[in-house]
Structure formats: structure tokens, C-alpha cells
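Below you'll find the structure, written out as C-alpha cells, and then a few comments.
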Amino acid sequence: MLRCLRADMVTSAMQDYVAKFMGQRFIEPQTSDLGVVFKESSPVTPLIFVLSTGTDPAADLYKFAEEMRFSKKLSAISLGQGQGPRAEALIRSAMDRGKWVFFQNCHLAPSWMPNLERLIESIDPDKVHRDFRLWLTSMPSNQFPVAILQNGSKMTIEPPRGIKANLLRAYIAQNDDFLNSCTKVSVFKSLLFSLCLFHGVAIERRKFGALGFNIPYEFTTGDLRICISQLKMFLDEYEDIPFKCLTYTAGHINYGGRVTDDWDRRCMMNILSDFY
């Protein structure tokens with residue numbers, strides 16, 4: 234009946250039903266609990282993030298490393314052409330010194346994956362440092378070694394659905410100390426909300442295909458994260474709020490750096506001007 238009379242309220246009604254009979258946690262956006270996965274891991278068991286479009290678990294991992302007091306013992310490399318020798322040297326050093334290694338975008342280095350597989354297979358449980366951990370991220374790929382997937386601890390990272398879920402995910406990544414550390418706290422929190430709302434709109438427009446943007450763009454939480462850092466920096470360093478600088482860095486560099494179509498860029502700047 235609700236579907237016939239108020240089709241726009243079906244989703245809300247379904248969420249209310251699930252929350253009432255199954256619990257509120259079943260309708261809240263899921264976040265990766267790295268602590269649980271970490272406890273089940275070992276130096277010979279890689280931890281694998283299986284990515285989807287628009288996701289980036291780097292911020293969650295850096296935050297977790299800081300909580301574990303390993304932020305200074307975490308080394309990251311974005312894999313790609315020519316990074317193989319450097320990555321191999323890094324992982325061998327980390328195995329001896331008990332550090333964490335974070336290899337991002339393994340799907341972009343398919344030719345080096347057999348070498349990574351051999352490196353992992355060669356790890357001696359009796360000789361490797363007990364604190365050593367190997368973190369990997371990859372999009373689904375047929376060229377990713379099956380043995381690593383079978384032996385590793387896997388986590389799937391999916392983007393939140395809807396503006397509200399995007400806002401919740403963005404705010405979960407922040408902490409009170411950071412939010413209150415700006416010299417202009419009230420202004421910072423207001424503009425932070427505007428940035429998060431803009432990010433959510435940009436992400437959600439992808440659902441509409443060519444009606445959203447002429448070319449599909451993979452905006453990530455990394456784009457939002459750098460905008461937030463720059464926002465705090467500008468507010469701390471300038472007495473007056475530099476709106477032109479903030480708009481330019483967010484619209485033309487951080488997000489706009491991915492945009493190649495002129496009409497998409499114009500659309501992006503118009504959306505940004507509504508919020509920022």
C-alpha cells in the first residue's frame with residue numbers, strides 16, 4: 234500500500250522496519266573494524282583490502298596504526314611501474330625490523346604479483362619479527378595471486394550509499410581533538426560540514442551515469458581528506474577566511490584534478506559554490 238501511495242517513503246519505511254525488528258546497527262553504515270582483523274592475523278598472514286570504486290582505506294589504516302603506536306613504523310608504497318625492487322627491499326627490511334608494510338593498488342602491478350607471492354611464501358614463521366604485518370589493497374583482479382587470497386585475511390570495502398551515509402562515514406573518520414584544534418573552531422566545523430556534503434553529492438551523482446557527469450570519475454575519501462587538511466591550514470594561517478583559495482584548491486585541484494571534461498568542471502564548481 235505504501236508503495237502505491239507514497240513510493241518516495243518506501244526506503245524510509247523499510248529502514249524503520251529493519252531497525253525495529255532487527256536493530257539499529259543493521260541500517261547504519263558499516264565501518265572496517267581493523268582491530269578485530271588484526272588480532273586474527275600473524276606475520277605470515279597478509280591483510281587484504283578488496284576495494285570497490287570510490288573507496289580508500291588508507292586513512293583508516295593510518296588511524297589504526299596511530300592507535301597501535303605504529304605510525305612511525307608504517308611504510309606505504311603505491312604500486313605501479315618500476316616500484317617492484319623498492320617494494321621488495323622494503324618488505325625484506327620490515328620482516329627483520331618488525332614494521333608494517335602497506336602496498337596500495339596491487340591490481341596496477343600485475344607483472345610483479347608473482348614476485349610478491351614468492352616473497353610471502355618464503356616468510357619463515359620462526360625467523361620473521363613477530364610485529365611484522367603486510368597490508369595490501371587491490372581492486373578485484375584475475376591476476377591477483379590466488380594463494381595470497383586464500384591465506385590472507387580479507388576485508389571488503391564498499392562506498393556508503395546515500396548522502397546521509399556519506400556524511401556519517403566522513404565524520405566517523407574525524408576525532409574530537411582534530412575538530413577542536415583549529416583556531417576558528419565554529420567556522421571550521423561549519424565549512425567541514427559543507428565539504429562533507431559536497432563530497433557526498435559528488436559521489437552520489439555517479440549513480441546517474443551520463444546524467445551525473447559526462448565522464449565517470451572515481452572520487453575518494455582521500456580527496457575529502459586533503460580538502461579538510463587544507464581547510465584547517467588556511468583557517469589557522471589567515472585572519473580572514475580565504476574563500477577563493479579554498480574554492481580553488483577544492484574545485485580545481487583536489488577534486489577538479491580528476492575532471493577532464495569542461496562541462497563536468499563547470500558543473501562541479503557550481504555544486505561546490507552551493508555549499509562552500
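Residues 234 to 509, numbered by my numbering, are exactly what the sequence shown covers, in order. Virtual Cβ for every residue (Gly too), placed ideally from N, Cα, C.
Among all the DSSP beta bridges, which residues are the ones paired with residue i?
{"i": "PHE282", "result": "THR370, MET388"}
In whole angstroms, give me the CA-to-CA distance for residue i and residue j.
{"i": "VAL379", "j": "PRO373", "result": "12 Å"}
{"i": "VAL434", "j": "ARG330", "result": "44 Å"}
{"i": "ILE504", "j": "ARG394", "result": "19 Å"}
{"i": "VAL243", "j": "ASP507", "result": "29 Å"}
{"i": "SER274", "j": "ILE381", "result": "13 Å"}
{"i": "SER308", "j": "GLN314", "result": "18 Å"}
{"i": "ASP249", "j": "ALA240", "result": "15 Å"}
{"i": "GLY489", "j": "PRO318", "result": "33 Å"}
{"i": "SER419", "j": "ALA342", "result": "44 Å"}
{"i": "THR416", "j": "LEU457", "result": "20 Å"}
{"i": "ASP497", "j": "THR286", "result": "19 Å"}
{"i": "GLY455", "j": "CYS339", "result": "18 Å"}
{"i": "ASN375", "j": "ARG491", "result": "27 Å"}
{"i": "ARG402", "j": "ASP289", "result": "12 Å"}
{"i": "GLY385", "j": "THR278", "result": "5 Å"}
{"i": "GLU350", "j": "PHE476", "result": "49 Å"}
{"i": "THR482", "j": "LEU464", "result": "9 Å"}
{"i": "HIS485", "j": "GLU354", "result": "45 Å"}
{"i": "GLY256", "j": "ASP293", "result": "25 Å"}
With DSSP run on the structure shown, which of helix, strand or coil describes residue i?
{"i": "GLN383", "result": "helix"}
{"i": "SER462", "result": "helix"}
{"i": "VAL334", "result": "strand"}
{"i": "ILE474", "result": "coil"}
{"i": "LEU307", "result": "strand"}
{"i": "GLY256", "result": "coil"}
{"i": "HIS340", "result": "helix"}
{"i": "LEU412", "result": "helix"}
{"i": "THR493", "result": "coil"}
{"i": "GLU350", "result": "helix"}
{"i": "ASP357", "result": "coil"}
{"i": "PRO393", "result": "coil"}
{"i": "PRO318", "result": "helix"}
{"i": "GLU437", "result": "helix"}
{"i": "GLY455", "result": "helix"}
{"i": "PRO277", "result": "Strictly speaking, residue 277 in this sequence is Val, with Pro absent from that position. DSSP places VAL277 in coil when its eight states are reduced to three."}
{"i": "ALA406", "result": "coil"}
{"i": "HIS432", "result": "helix"}
{"i": "ASN447", "result": "coil"}
{"i": "GLY313", "result": "coil"}
{"i": "ARG498", "result": "helix"}
{"i": "GLN376", "result": "coil"}
{"i": "MET301", "result": "coil"}
{"i": "HIS362", "result": "coil"}
Using a 10 Å radius around the Cβ and a threshold of 16 neighbouring Cβ atoms, would you call residue i buried or exposed?
{"i": "GLY442", "result": "exposed"}
{"i": "LEU478", "result": "A small fix is needed here, since residue 478 is Cys in this sequence, not Leu. CYS478 is exposed by the Cβ-count criterion."}
{"i": "LYS360", "result": "exposed"}
{"i": "LEU444", "result": "exposed"}
{"i": "SER371", "result": "buried"}
{"i": "TRP333", "result": "buried"}
{"i": "ARG438", "result": "buried"}
{"i": "TYR404", "result": "exposed"}
{"i": "MET501", "result": "buried"}
{"i": "GLY268", "result": "exposed"}
{"i": "ALA298", "result": "buried"}
{"i": "ALA320", "result": "buried"}
{"i": "TYR471", "result": "exposed"}
{"i": "THR453", "result": "buried"}
{"i": "PHE446", "result": "buried"}
{"i": "PRO392", "result": "buried"}
Rounded C-beta distance between residue i and residue j? I'm assuming under 8 Å.
{"i": "ILE310", "j": "MET328", "result": "Actually they are not in contact, since the Cβ atoms of ILE310 and MET328 sit about 15 Å apart, beyond 8 Å."}
{"i": "ALA246", "j": "LEU238", "result": "At roughly 11 Å, the Cβ-Cβ gap does not stay under 8 Å, so ALA246 and LEU238 are not in contact."}
{"i": "PHE336", "j": "LEU312", "result": "6 Å"}
{"i": "MET346", "j": "PHE377", "result": "6 Å"}
{"i": "ILE461", "j": "LEU428", "result": "6 Å"}
{"i": "ILE448", "j": "THR493", "result": "6 Å"}
{"i": "LYS422", "j": "LEU412", "result": "6 Å"}
{"i": "ILE459", "j": "LEU468", "result": "About 15 Å separates the two Cβ atoms, so there is no contact after all."}
{"i": "ILE324", "j": "LEU280", "result": "With 8 Å as the limit, ILE324 and LEU280 do not qualify as a contact, their Cβ atoms being about 14 Å apart."}
Would the beta-carbon of residue i be found less than 7 Å away from any heavy atom of the ligand GDP?
{"i": "TYR404", "result": "Of the ligands one can find in the structure shown there are none, so the ligand GDP has no counterpart to examine."}
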